[in-house]
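If you count the sequence shown from 1, position 48 lands on 47 in numbering that gives the first Met the number 0, and the numbers rise without skipping. By construction, the Cβ of each residue, glycine as well, lies at the ideal position given by its N, Cα and C atoms. Structure, as structure tokens:
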Amino acid sequence: MRQLRNVFLVLDALGLIGFTIIGCQIALEMGHGFVVSAVAGVLTGVSGGILRDILCNDVPLVFRRELYASIAFVSVIFYWLCSHYGLSQDLTILSTLIFGFSLRLIAIYFGLEMPKFIYKDDDEHSASSKDES
């Protein structure tokens, strides 16, 4: 079962980057700038995974601590830089696909995650404010 999970994550990484590129490319072709193309790329890439996980009754990967949307965003930056500096569209797509896919596989392999924000309890917060008074 562990092997199937790994196959799933690899295919998911490919889909994430592929759809991110498609969203970014369409926004740029429509004449939008970097911000709109970045939002379109990230939303297009991430929303397929969200729908899949919801239909499977799982918590979507993007809502966990995994590097998911951030890798899509870095891939959008890479795509935009490649297209902005005159690389051919085919080379831009291929290099972005390799770059983003490699980043996601590295994050999966090494278990890289976003930092977890730790909330202070109300009791701790009120106790610390009383100590300061």
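Distance CB(residue i)-CB(residue j) smaller than 8 angstroms
i      : j      : result
Leu3   : Phe100 : no
Cys23  : Ala39  : yes
Leu153 : Val9   : With the chain covering only 0 through 132, there is no way to say anything about residue 153.
Leu66  : Leu111 : yes
Leu27  : Ala71  : no
Arg63  : Lys115 : no
Asp52  : Val45  : no
Exposure label - residue i; buried when at least 16 CB within 10 Å
i     : result
Leu90 : exposed
Ser87 : exposed
Val75 : buried
Ile20 : buried
Ser50 : The residue you asked about is not Ser; residue 50 is Leu in the sequence shown. Result: exposed.
Phe18 : buried
Gly32 : exposed
Thr92 : The sequence as given places Ile at residue 92; Thr does not occur at that position. Label assigned to Ile92: buried.
Top-ranked residue by Cα proximity to residue i, from the options
i      : options                       : result
Thr43  : Gly30, Ile25 and Arg64        : Ile25
Met113 : Thr95, Leu93 and Ala68        : Ala68
Tyr78  : Arg63, Ile97, Arg64 and Phe62 : Ile97
Phe7   : Gly48, Ser36 and Leu102       : Gly48
Ile107 : Met0, Asn5 and Arg1           : Asn5
Leu102 : Asp11, Gly85 and Asp120       : Asp11
Leu80  : Asp120, Phe109 and Ala37      : Ala37
Within-8 angstroms CB hit, residue i to chain C
i     : result
Val58 : Among the protein chains of the structure shown there is no chain C, as only one such chain exists.
Exercise. Entirely within the stretch 26–68 and at least 3 residues each: give me those beta strand (DSSP E) ranges in chain order.
Key: none
Exercise. Within the stretch 82–106, note down every full beta strand (DSSP E) run reaching 3 residues or more, in order along the chain.
Key: none
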